[in-house]
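Engineer: Residue 11 is where the sequence shown starts when you use our numbering, and the numbers rise one by one after that. Beta carbons: idealized from backbone N, C-alpha and C, even for Gly. Note that the structure is a prediction, hence the values are computed from the model and not measured. First the structure, which I've put down as C-alpha cells, then a few questions once you've had a look.
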Amino acid sequence: MPSITSLLDQAATACAKARKGIALTGAGISVESGIPPFRGKGGLWEKIDPMKYAHIDALERDPAEVWKVLFLGIGELLGTAAPNDGHKELRRLEELGVLQTIITQNVDGLHQKAGSRDVIEFHGTHAVLRCMTCQRRYEWQEITITEIPPRCPCNGYLRPDVVMFGELIDMSLLQRSQMLASQCDLMFVVGTSATVEPAAYLPVIAKRAGAFIIEINPEPTPLTHHISDVTLLGPAGEVLTQLTERVARLRPMPQG
Ligand code: NAD
Ligand code: ZN
C-alpha cells in the first residue's frame, strides 16, 4: 500500500497539470460543518426511513408529515451551517486554476458561501421553496410559516426545491454535468457514497474520457478500486488542506 504522503504527491502532480478540472461532491464534504450525511455512520437514514419520508410519493401523500419529519429540521440545520475547510480548499483550488466547476449533490449552498463561482446544484437547493401547484419560487425569508405545510398565495403547498427520490434531475443540469465530465482532465470525487444515480455515473464518464480521478472519503466506495486513480482516505477538510498546500507549491496563483 502506498503511503498517504506518496498518494498526496501523486494527486498534487495531477492537479498541477490539470487544465479542465471539476469536482463532484456529496454529503460527506458538509459533515465537518455539522450536517449529517444520509448513509454511513451517524447518517440520517439510521433515524429516518428514506422511502417513508424522502420519496416524492410520501410528499404527495402527506406533505405535513414530510415537512415535520424532514424539511423543518433540515432547514434549521442548514440555516446556521457555515463552510468548512473542505469547501474553502475547493475554492482555493479554483483560485489556483485547478478547478473550473463543482457539481454538488448537496442542497446546503455551502460551496457558494465559500465563494466557489460555478456550482451546479445537481439535486436542487433547500434555500428555495417552490409551489407544488403553480411552480412559483420563493426564498425562505419571503415566507412566514404560519401553517405546515406553508402555502403559496395560489393556495398550493410549498416544498423545498430539492430532488426527492422518484424525481428526475433537471435535464439541462444533467446534460451540462455529463458534458463537463466527458471533457474534464481531472475529477475530484469528495464525500459521496457514489450510490445515488445518475450522479454516481459522472466519475465513470470522466474516467472513460481519460480524466484522472482523485477520490476523498474516510471510507472506500464502489469507485475506489475501479475508477479512482488515487484515493485519499480521510475527512475532506483535513485531506484537502494537505493537498492544496502541495498544489500551491507546484502551481502558484495565476497573476493578474
Ligand atoms: P451519502 O450520505 O450517501 O454518503 C456520504 C459519504 O460521505 C459517505 O461515503 C461517507 O463515507 C462520506 N463522509 C463522511 N464523513 C466525511 C468527511 N468528513 N469527509 C469526506 N467524506 C465523508 O451522500 P451522497 O453520496 O451525497 O448522497 C446522498 C444524497 O443526500 C445526496 O444526493 C444529497 O442530495 C443528499 N444530502 C445532502 C446533504 C447536504 O446538502 N449537506 C446532506 C445529506 C444528504
Ligand atoms: Zn402557487
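Is there contact here, the region 21–29 with the region 242–262, by at least three beta-carbon pairs under 8 angstroms?
Structural biologist: As far as the Cβ criterion goes, the region 21–29 touches the region 242–262, which means the pair count is three or higher.
Engineer: According to DSSP, is Ala191 helix, strand or coil?
Structural biologist: Reduced to three states, the DSSP call for Ala191 is helix.
Engineer: With distances taken Cα to Cα, identify the nearest neighbour of Arg186 among Ile130, Leu109 and Val199.
Structural biologist: Checked all of Ile130, Leu109 and Val199; the closest Cα to Arg186 is Ile130.
Engineer: Among the candidates Leu250, Pro262 and Met142, whose CA atom is the shortest distance from the CA of Leu17?
Structural biologist: Of the candidates Leu250, Pro262 and Met142, the one whose C-alpha sits nearest the C-alpha of Leu17 is Leu250.
Engineer: Could you check how far apart the C-beta atoms of Ala209 and Phe132 are, in whole angstroms? I think they sit under 8 angstroms.
Structural biologist: Right, their Cβ atoms sit about 6 angstroms apart.
Engineer: For Gly201 versus Ala92, is the C-beta distance shorter than 9 angstroms?
Structural biologist: Cβ distance not < 9 angstroms, so Gly201 and Ala92 don't count as in contact.
Engineer: When we look at the beta-carbon of Lys51 and count the other beta-carbons within 10 Å, is it buried (16 or more) or exposed?
Structural biologist: The residue is exposed, with fewer than 16 neighbouring Cβ atoms inside 10 Å.
Engineer: Let me confirm a value: Asp59 is counted as buried when at least 16 other C-beta atoms fall within 10 Å, else exposed. Which label applies?
Structural biologist: Answer is exposed; the Cβ neighbour count stays below 16.
Engineer: Taking Val172 and Val117 to be in contact with their CB atoms under 8 angstroms, please state how far apart those CB atoms are, rounded to whole angstroms.
Structural biologist: The pair is a contact, with the Cβ atoms about 5 angstroms apart (cut-off 8 angstroms).
Engineer: I'd like the ranges of any beta strand (DSSP E) spanning at least 3 consecutive residues and lying wholly in the region 84–142.
Structural biologist: Complete beta strand (DSSP E) runs here, min 3: 109–114, 129–131 and 134–141.
Engineer: Using a threshold of 8 angstroms, is the CB atom of Thr154 nearer than that to any non-hydrogen atom of the ligand NAD?
Structural biologist: Thr154: no, Cβ never under 8 angstroms from the ligand NAD.
Engineer: Mapping the DSSP letters down to three states, classify Phe81 as helix, strand or coil.
Structural biologist: Helix.
Engineer: Which one or two residues does DSSP pair with Glu225 in a beta bridge?
Structural biologist: Val199 and Thr241, per the DSSP bridge assignment.
Engineer: From this set, Gly247, Leu243 and Leu260, which residue's C-alpha is nearest Pro12's C-alpha?
Structural biologist: The candidate whose alpha carbon is nearest that of Pro12 is Leu243.
Engineer: How long is the line joining the alpha carbons of Glu56 and Thr143, rounded to whole angstroms?
Structural biologist: Rounded to the nearest angstrom, the two C-alpha atoms are 32 angstroms apart.
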